[in-house]
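Student: Take a look at the following structure, please.
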């Protein structure tokens with residue numbers, strides 16, 4: 001018995017070892033180093049010098065950082081409700097089995113598998129002065145510091161609503177029919193059935209999608225990089241854009257890491273709120 | 001009100017027609033689908049059509065007609081630009097990563113699911129906790145580490161850090177935990193080595209999850225921008241996403257950018273047509289945490 005256990009432990013450890021080494025080098029190590037580097041001044045070619053809270057003090061006094069935080073939060077506040085409404089609406093639309101339901105589900109999921117770089121190149125034209133959106137609305141979205149975020153939100157919603165749709169759809173298909181049928185026979189309208197029977201049962205799925213979409217919004221980068229580069233006038237300069245520029249344009253690794261810490265804290269706050277709400281509902 | 005309803009409506013054999021939308025509801029559904037489908041597909045249509053319109057300024061709506069067709073942008077992007085090189089780099093990045101992630105994650109998942117060893121639980125949960133740390137927090141230290149090891153502008157520098165995939169390990173462990181122990185015990189009594197049990201019993205049984213996970217990892221790598229942008233800076237190491245983003249920023253004619261985008265999209269689209277189930281399962285599963 002003792003022999004088999006030792007043998008088992010050895011093979012177990014051996015099988016985990018490659019993953020463990022990769023995790024130590026590229027996840028655990030960098031996670032700790034990413035936070036610690038926030039307390040150092042470190043550029044390309046120099047060795048890190050401990051500077052205490054200097055990076056964070058600099059961040060607190062840096063208008064570009066505050067702008068990027070504001071841009072990220074506005075983007076999130078616009079994006080999350082719109083994308084969730086789109087996901088739920090589309091899920092309800094293709095919920096029942098009807099002729100072509102599978103086809104429509106695949107169509108609506110197609111943007112999810114498409115890279116944001118492709119989406120960005122096409123949508124730049126769609127929003128350009130030659131493109132349909134400007135022609136139809138008469139507004140040049142990407143040139144306006146106030147409309148640039150709504151434009152990016154539209155592209156993100158287009159590219160991601162299918163993801164939430166599938167999660168909501170999976171939940172909808174698990175719902176027992178009896179409740180809805182009972183409500184129907186009691187004369188409840190479509191809206192009443194949705195509001196009082198379907199929606200409460202969807203709550204966990206919606207909550208899950210909301211958390212995922214919020215953390216994804218905090219990290220928005222690809223579309224901004226391709227479509228606007230953060231402009232005009234820093235109107236779409238998000239936190240990860242700030243991190244990218246400080247880290248890989250200015251090579252201020254310490255300061256960029258401090259921005260990363262801010263992002264980490266924001267993600268943790270969302271996780272904490274998630275825990276609290278789940279804890280309360282149990 | 002409730003009591004006046006005849007109980008027969010709530011019979012034990014619910015009519016499956018009962019919840020079908022009314023005539024009006026069906027018409028509303030058709031109308032909404034007739035709006036949503038073209039809106040969803042229009043960007044793809046525009047991508048392909050505009051890639052066939054080199055030269056002249058492309059203005060909506062005149063340029064939206066599929067003809068005249070001119071493939072010269074494809075000639076330029078495939079010949080004059082490095083599109084083939086980028087496609088090759090993307091394939092290396094995606095395919096090598098998929099194979100390595102699947103192998104490493106199933107090895108670790110098998111050990112976490114079926115082997116007792118000291119520190120197993122804390123190790124597993126600390127792997128999983130890494131899902132919480134945003135990728136961007138680790139970006140700078142990972143880059144510094146790869147740079148010091150001389151991995152900038154190399155395939156291994158591009159691939160290696162992406163192999164520590166916590167979600168993949170988690171999903172493999174969950175799947176393998178559901179496999180009956182007797183299968184492995186029987187093989188062990190027959191004198192099969194651990195490696196043989198892994199390759200001949202565990203891996204074949206994991207085919208469904210490996211396919212789903214593989215598609216997800218492939219898609220993630222194929223579409224990834226930030227890491228290849230940082231670590232593969234030179235022209236020779238660009239992936240499709242980095243290359244097309246660079247064309248887009250370099251004042252290259254729109255038709256050429258979109259021809260490149262179309263070429264990058266075709267493999268994913270073809271794979272999606274064939275194995276759509278794996279795409280939807282993979283992407284929805286990826287979001288499911290413990």
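Protein chains in written order, with my numbering: chain A, 1 to 282; chain B, 1 to 290. Heads up, the beta-carbon is just placed ideally off N, CA and C, and yes, glycines get one too.
#1: Within 9 angstroms (strictly less), CB to CB, does residue 267 of chain B reach chain A?
#2: Quick one, which of B:218, B:213 and B:199 has its alpha-carbon nearest residue 110 of chain B's?
#3: Of all the options B:197, B:223, B:212 and B:89, which has the alpha carbon lying nearest to the alpha carbon of residue 182 of chain B?
#4: Along the segment 225-237 of chain A, where does the CB come closer than 7 angstroms to a CB of chain C? Name the residues.
#5: Quick one: which chain A residues come within Cβ less than 7 angstroms of residue 163 of chain B?
#6: Using the Cα positions of residue 69 of chain B and residue 53 of chain B, report the straight-line distance between them to the nearest angstrom.
#7: Checking the sheet assignment: what are the DSSP bridge partners for residue 49 of chain A?
#8: Give me the subset of the segment 251-283 of chain B whose CB atoms are less than 7 angstroms from a CB atom of chain A, sorted by chain position.
#9: With DSSP run on the structure shown, which of helix, strand or coil describes residue 252 of chain A?
#10: I'd like to check one pair, residue 124 of chain A with residue 142 of chain A: are the Cβ atoms closer than 9 angstroms?
#11: Specify whether the segment 197-204 of chain A and the segment 49-68 of chain A touch according to this definition: at least 3 beta carbon pairs, one from each stretch, less than 8 angstroms apart.
#12: How many angstroms separate the CA atom of residue 2 of chain B from the CA atom of residue 182 of chain A?
#13: When you compare each of B:101, B:37 and B:210 to residue 111 of chain A by their alpha carbons, which one comes out closest?
#14: Which chain B residues are close to residue 119 of chain A, counting only those with a beta carbon under 8 angstroms from its beta carbon?
#15: By Cβ distance below 6 angstroms, which residues in the same chain neighbour residue 123 of chain B in space, the five residues on each side in sequence not counted?
#16: Determine which residues of the segment 120-132 of chain A have a Cβ less than 8 angstroms from any Cβ of chain B, and write them out in chain order.
#17: Counting only runs of 4+ residues fully inside the segment 77-115 of chain B, write out the alpha helix (DSSP H) ranges in chain order.
#18: Quick one: Cα of residue 11 of chain B to Cα of residue 175 of chain B, how far?
#19: Hey, how far is the Cα of residue 19 of chain A from the Cα of residue 277 of chain A?
#20: Whole angstroms are fine: how far does the CA of residue 265 of chain A sit from the CA of residue 81 of chain B?
#21: Let me know if residue 10 of chain A comes out buried or exposed under the rule of 16 or more other beta-carbons within 10 Å of its beta-carbon.
#22: Would you kindly report the start and end of the unbroken alpha helix (DSSP H) that includes residue 283 of chain A?
#23: Between residue 251 of chain A and the rest of its own chain, which residues show a CB-CB distance below 8 angstroms, the 5 nearest in sequence each way excluded?
#24: Residue 240 of chain B and residue 106 of chain B - do their beta-carbons sit closer together than 9 angstroms?
#25: Hey, how far is the Cα of residue 236 of chain B from the Cα of residue 45 of chain B?
#26: Closer than 8 angstroms is the cut-off here; do at least three beta carbon pairs connect the segment 146-164 of chain A with the segment 78-90 of chain A?
#27: Quick one: list the residues of chain A neighbouring residue 29 of chain B, beta-carbon separation under 8 angstroms, in chain order.
#28: What are the complete alpha helix (DSSP H) segments, minimum 4 residues, inside the segment 121-161 of chain A?
#29: Output the boundary residues of the alpha helix (DSSP H) element that contains residue 207 of chain B.
#30: Using a 10 Å radius around the Cβ and a threshold of 16 neighbouring Cβ atoms, would you call residue 217 of chain B buried or exposed?
#31: For a contact defined as C-beta to C-beta under 9 angstroms, what are the partners of residue 130 of chain B on chain A?
#32: Is there at least one Cβ from chain B nearer than 9 angstroms to residue 201 of chain A's Cβ?
#33: With a threshold of 16 other CB atoms inside 10 Å of the CB of residue 238 of chain B, please say whether the residue is buried or exposed.
#34: By a C-beta neighbour count over all protein chains shown, 10 Å radius and 16 as the cutoff for buried, is residue 269 of chain A buried or exposed?
#35: Leaving aside the five residues before and after residue 214 of chain B along the sequence, list all residues of the same chain whose C-beta is less than 7 angstroms from its C-beta, in chain order.
#36: In chain A, which residues lie with their C-beta within 7 angstroms of the C-beta of residue 230 of chain B?
Tutor: According to the data block:
#1: no
#2: B:199
#3: B:197
#4: No chain C appears in this structure, whose protein chains are A and B.
#5: The contacting residues are 22.
#6: 7 angstroms
#7: A:41
#8: Only 254, 257, 258, 261, 264, 265, 268, 272, 276, 279, 280 and 283 from the segment 251-283 of chain B bring a Cβ to less than 7 angstroms from some Cβ of chain A.
#9: The answer is strand: DSSP assigns residue 252 of chain A an E or B state.
#10: yes
#11: Contact between the segment 197-204 of chain A and the segment 49-68 of chain A is absent, because fewer than three Cβ pairs lie under 8 angstroms.
#12: For residue 2 of chain B, the predicted model reports a pLDDT of 40, less than 50, meaning its position is unreliable; a value from the coordinates is still stated below. Residue 2 of chain B and residue 182 of chain A: Cα-Cα distance of roughly 10 angstroms.
#13: B:37
#14: 43
#15: none
#16: 120, 121, 122, 123, 124, 125, 126, 130, 131 and 132
#17: Listed in chain order, the alpha helix (DSSP H) runs fully inside the segment 77-115 of chain B are 83-114, counting runs of at least 4 residues.
#18: Because residue 11 of chain B sits at a pLDDT of 40, beneath the cut-off of 50, its placement in the model cannot be relied upon, and the following sentence gives the value as read from the coordinates. Each residue's alpha carbon lies about 39 angstroms from the other.
#19: 34 angstroms
#20: 42 angstroms
#21: exposed
#22: As shown, chain A starts at 1 and ends at 282. That puts residue 283 of chain A outside it, with no answer to give.
#23: 43 and 44
#24: no
#25: So the alpha carbons of these two residues sit roughly 30 angstroms apart.
#26: Output reads yes: the segment 78-90 of chain A touches the segment 146-164 of chain A.
#27: 93 and 98
#28: 132-137
#29: 207-223
#30: Counting Cβ neighbours within 10 Å, residue 217 of chain B comes out buried, since at least 16 surround it.
#31: 23, 27, 28 and 31
#32: no
#33: buried
#34: exposed
#35: Once the five neighbours on either side are set aside, the close Cβ partners of residue 214 of chain B are 98 and 102.
#36: 248
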